[in-house]
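S.K.: Sharing a structure with you now.
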């Protein structure tokens, strides 16, 4: 049975049907597709073959089924309908269609079919859908082409068929037909044409192209299209003919059926709501539907009396004239939209060439044009606003109430790192928030109040976190939709600077408080340390001497704690010298290897050529061991500890990394604060002190950590070109009682200025014992003595005193008595005035509390004119460090080794021994000064320091025997009796 759509071609309407820009189809009363034009195929996404026989209801969106089927029933009842519906394409794309349906009546007057015209009103989606539909059609055509292959070998006459050809002709595969058998398959009327076509190909080498009718094995008539190409040998003779067989039966039958329905479809065009007309090559109408007649005000009987230009003279010179002539003269399809002053309306005209002339379709688009004009005006206004928004640095975005981003300015791209194409259409909640609960709370307040202002933590594209100052406002668009207009400012750097400022203020306040307390405490400890020395020198009873040693050790521990507080509160004072950082890291690695539990893998990664740095080796050792201790505590169940260094451009970067539990951002932000600790027994001073030491060395401590990701602490120090070799030992004076070097003080007059009578008295006693002539005075009295003309060889003055400062006294002496040596004493770190006196006037600085040995050494250095950099110690007055080491280090090493060897120490005893060794090492380091770089002295002091660290870090994991061995190594070096030559390693004197 033929379909109504096919009648269109029999009446010259084929070009209109298939060239119509909208989708056009014919559907039978049961809702099955009979015919579809190319636009409909592209619109729906199925091929014409797939659509034929398919129920159109299968294409409908579930929400549109009931409404659309009701409209279809109205058309079956004989009424034209226009409606909007939604369909779902094979690839699940939902499209919105404007559909007009018109009943088509048969010769009996009953509705025989329904004509449907559909337009995609999805704007941008329409073009994409058409392209996708066309591409799908091409792919479908390739799959469903129905081709089969064949080959004829000319010399042998052998014929070969493909399996598809056997199948198409209903024959069993494998049997090779002869020429006669192959020709017999064609109907008698076509055999001659087939034979002649093959002969031309074989004899003349022309390509084969012939259409004929065949009869297959089952007697079914097949319309076939045969094409082939020739193949020649080296002589140019045709030896092979191969080609394709195409079954076009369905296509031929389809065309025959189309003609049968042309009359029915022609009558249906009168019911289309667009004006449709056909013009022949003489520019006269051959057909116009009822809408075209009404639009032009014409009578159908007079339609051919005039040309189109006579009917519509205003078309001359208009865009429509060029459109019509291009279609008529050049065979071009075309479309144009223009305003007609004659009717005062906007029209859209589509023109398609036909065999007889052109087909014209005119649609009144006035309402659509007005809507477009409003849209263009709105778009230009939005673009102007967007240009202003893009100029802003803030991130500006618009999202709907579900959080889907609709607008994303350039400031948002710069702030978050997401391009607009990446962000638009995504949920802002998923895109920017690791903690969406805070976003949800902000949205609740926004929906309640209509606006919200606050700060939120958000995520950038690279995973980093920023702090945003957010201002959100509910707005309503012209379409009535409520949206969220959000302005977010990145205040991460501002917040960091604010936190640094607050921290600096807090540290400054703490430093001021700590400095005042330290001054008072050091004034208390100074007479204790000096008195203990005097009492010990005069005490023959070993038990009493041991008691005095304990008092001295406690006082040293107190002094060390005060120095630590001052280090992080005011910044450490660094005694700069060249430090072999590679060697220091190896030493730290050796120390950690002996003290870390076996469950922790230690890796020390240092390049062979690592530049030296300028700083204090002991303090840097303290920093690295402190960081290693924290890393160990972060891995109670074991892990990996990496100590690494790498050279940069003029710098050296050091890193200590663990594989422990890591820290959250809140904890990591506070770990450098003094007294903040995550340990049950921690003091909270370790990292704060380390940060202060690194800062004093010109670096900054950085912490990179995340929960479950371990922690890496690093710092960068300025590099220097080479390590300066240690100064060669110079011969020095012999020692006196208690190992103190005799001082040439006889006859030298010294003025001691201090507002603490106990300190003044004990300093006087020490100096008197060593042959000095000493006078003690307080601030104003001291100035009066100097003004009275009394002459002094040296003045020792406290810096902080009521009424007059030591700095002021130093200035007076520098101006009036430049020959007088000046020593400034203080329980605080040197301030600007003190540093100026040291740098400009050659004064020396002596930190409280101090021992008699340090006092005498400082005086001797002052008399010798040395120490102008202010770093003065006992070793500055003697080239031989042996007596000071014997006095300071040896007793601590002996006591700790004896105690640890006698019995396993209790925790309290372990802590006492660690503090004693640490205090001894600190005293020796301070007293030795520059001579601390001497290899043997360095190893002896290091034995005490590492022993103290092992006791502190070990926590039961370091064998006591290993600690005792380290202490005995130091004692062995002390017992060597003399310093080795410069080219000999003192470590070689002790069996390892």
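Residue numbers (our numbering): 69 to 1060. By construction, the Cβ of each residue, glycine as well, lies at the ideal position given by its N, Cα and C atoms.
Could you name each continuous alpha helix (DSSP H) segment of 4 residues or more that falls completely within the segment 845–913, going from the start of the chain to the end?
M.R.: 847–855, 874–884, 900–909
S.K.: Taking only the alpha-carbon atoms, compute the straight-line gap between residue 571 and residue 577 and give it to the nearest angstrom.
M.R.: Straight-line Cα distance between these residues: approximately 10 Å.
S.K.: Taking one C-beta from the segment 913–932 and one from the segment 590–601 each time, how about it: are there three or more such pairs within less than 8 Å?
M.R.: yes
S.K.: From the DSSP secondary-structure annotation, give me the bridge partner or partners of residue 160.
M.R.: The partner list for residue 160 (beta bridge, DSSP) is empty, contrary to what the question assumes.
S.K.: Give the straight-line distance between the Cα atoms of residue 485 and residue 530, rounded to the nearest whole angstrom.
M.R.: 7 Å
S.K.: Whole angstroms are fine: how far does the CA of residue 352 sit from the CA of residue 88?
M.R.: 21 Å
S.K.: How would you write the range of the beta strand (DSSP E) that residue 185 sits in, first residue to last?
M.R.: Counting along the chain, the beta strand (DSSP E) containing residue 185 begins and ends at 179–188.
S.K.: Within the same chain, show all residues whose beta-carbon is closer than 7 Å to that of residue 129, passing over the 5 residues directly before and after it, in chain order.
M.R.: 154, 155, 156, 162
S.K.: Can you list, in chain order, the residues of its chain whose CB lies under 7 Å from that of residue 591, leaving out five sequence neighbours each side?
M.R.: Once the five neighbours on either side are set aside, the close Cβ partners of residue 591 are 824, 827, 895, 916.
S.K.: Excluding the 5 residues flanking residue 230 on each side, which residues of the same chain have their C-beta closer than 8 Å to its C-beta?
M.R.: 216, 217, 218
S.K.: In terms of DSSP beta bridges, what is residue 1076 paired with?
M.R.: Absent from the model: residue 1076. The displayed extent of the chain is 69 to 1060, so no value can be given.
S.K.: Does the count of Cβ pairs from the segment 298–310 and the segment 280–288 closer than 8 Å reach three?
M.R.: no
S.K.: Is the CB-CB distance between residue 818 and residue 866 below 9 Å?
M.R.: no
S.K.: So, for residue 187: in the same chain, excluding its five sequence neighbours on each side, which residues have a beta-carbon less than 6 Å away from its beta-carbon?
M.R.: 90, 166
S.K.: My parser needs the beta strand (DSSP E) runs of 3 or more residues fully inside the segment 661–727; what are they?
M.R.: 668–673, 680–683, 707–715, 719–726
S.K.: Per DSSP, residue 523 forms a beta bridge with which residues?
M.R.: 537
S.K.: Counting beta carbon pairs with one atom in the segment 545–561 and one in the segment 465–485, are three or more of them shorter than 8 Å?
M.R.: yes
S.K.: Any contact of the segment 388–398 with the segment 406–421, i.e. 3+ C-beta pairs under 8 Å?
M.R.: Because the criterion of three Cβ pairs below 8 Å is met, the segment 388–398 and the segment 406–421 touch.
S.K.: Evaluate contact between the segment 876–894 and the segment 846–865, counting only Cβ atoms and requiring at least three cross-stretch pairs below 8 Å.
M.R.: Output reads yes: the segment 846–865 touches the segment 876–894.
S.K.: What is the DSSP secondary structure of residue 529, counted as helix, strand or coil?
M.R.: If DSSP states are grouped into helix, strand and coil, residue 529 belongs with coil.
S.K.: With a 10 Å radius around its C-beta and 16 neighbouring C-beta atoms as the bar for buried, classify residue 565 as buried or exposed.
M.R.: exposed
S.K.: My parser needs the alpha helix (DSSP H) runs of 4 or more residues fully inside the segment 120–148; what are they?
M.R.: Within the segment 120–148, the runs of alpha helix (DSSP H) that reach at least 4 residues and sit entirely inside it are, in chain order, 133–144.
S.K.: Please state whether DSSP places residue 449 in a helix, a strand or coil.
M.R.: helix
S.K.: For the beta strand (DSSP E) containing residue 819, list its first residue and its last residue.
M.R.: 817–821
S.K.: Helix, strand or coil for residue 497, going by three-state DSSP, please let me know.
M.R.: helix
S.K.: Taking all protein chains shown into account, do 16 or more other C-beta atoms lie within 10 angstroms of the C-beta of residue 1051, making it buried, or fewer, making it exposed?
M.R.: Note on residue 1051: pLDDT 44, under 50, position unreliable in the model; no value is reported.
S.K.: Please report the Cβ distance between residue 102 and residue 109, rounded to the nearest whole angstrom; I am assuming they are in contact, meaning their Cβ atoms lie under 8 Å.
M.R.: Between residue 109 and residue 102 the Cβ distance is about 14 Å, and since that is not below 8 Å, they are no contact.
S.K.: Residue 764 by DSSP, collapsed to three states: which one?
M.R.: helix
S.K.: Please state the DSSP three-state secondary structure of residue 114.
M.R.: coil
S.K.: For residue 475, list the residues DSSP reports as bridge partners.
M.R.: 466
S.K.: What are the start and end residues of the alpha helix (DSSP H) that includes residue 834?
M.R.: 825–837
S.K.: Based on DSSP bridge pairs, tell me the residues matched to residue 282.
M.R.: Its beta-bridge partners are 254, 290.
S.K.: Locate the alpha helix (DSSP H) running through residue 1035, then write down its first and last residues.
M.R.: 1028–1042
S.K.: Taking the C-alpha atoms as reference points, what is the distance between residue 122 and residue 99?
M.R.: 8 Å
S.K.: Report the CB separation of residue 953 from residue 1042 in whole angstroms; it is logged as a contact under 8 Å.
M.R.: The beta carbons of residue 953 and residue 1042 sit about 6 Å from each other, so the pair counts as a contact at 8 Å.
S.K.: Is there contact here, the segment 612–626 with the segment 653–660, by at least three beta-carbon pairs under 8 Å?
M.R.: At 8 Å Cβ cutoff, the stretches do not touch.
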